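Participant: Here you go, one structure.
In the numbering used here, the protein residues as written are 425 to 570.
Written out as structure tokens, the structure is:
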């Protein structure tokens with residue numbers, strides 16, 4: 425299966441007083457990758473409804489090493505580790521060719537903005553997510569369930 429690859433730009437303002445990328449910025453890089461995967465690519469690939477409402481039910485992140493600012497972007501690899509009836513789990517690696525900076529996991533729930541409640545995945549969404557399914561690739565979330 426394929427992984428979604430997103431090149432996240434590092435901003436000078438992402439650094440903190442310790443002169444490394446602040447831990448909260450890692451979550452922003454995950455968000456940018458997730459938006460690119462589900463909203464931009466998903467809409468082009470027939471899963472438009474993913475961009476109409478998905479909420480985060482859980483985040484986990486394991487910081488592996490500090491990252492310092494540089495002009496080159498950092499790579500965020502994203503894949504699906506589980507698909508349920510009304511939720512799915514994404515795993516991530518924030519890395520470059522030499523270093524792994526963080527692994528993470530997010531549990532997402534499709535959400536109807538009109539009805540203000542969770543909803544089930546539809547067939548198009550499930551088919552799109554299955555393209556990225558790597559059930560064994562869970563880097564974090566030892567206790568997370570699909």
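Beta carbons: idealized from backbone N, C-alpha and C, even for Gly. Everything numeric in this text was worked out from a predicted model, so none of it was measured.
In its own chain, which residues sit with a C-beta less than 8 angstroms from the C-beta of residue 552, not counting the 5 before and 5 after it?
Facilitator: So the qualifying residues of the chain are 466, 469, 470, 471, 474.
Participant: Give, in chain order, every unbroken run of the beta strand (DSSP E) that is at least 3 residues long and sits entirely within the stretch 452 to 536.
Facilitator: 478 to 487, 498 to 507, 512 to 519, 524 to 536
Participant: Quick check on this structure: which residue in 515, 524, 506 has the alpha carbon closest to the alpha carbon of residue 545?
Facilitator: 506
Participant: How about residue 453 and residue 426: do their beta carbons lie closer than 7 angstroms?
Facilitator: No Cβ-Cβ contact shorter than 7 angstroms links residue 453 with residue 426.
Participant: Figure out for me which residue from 436, 430, 535 has the closest Cα to the Cα of residue 509.
Facilitator: 535
Participant: Take residue 554 as the anchor and find which of 500, 522, 461 has the nearest alpha-carbon.
Facilitator: 461
Participant: How would you label residue 493, buried or exposed, when you count the other beta carbons within 10 angstroms and need 16 or more for buried?
Facilitator: exposed
Participant: Please report the distance separating the alpha-carbon of residue 556 from that of residue 458.
Facilitator: 12 angstroms
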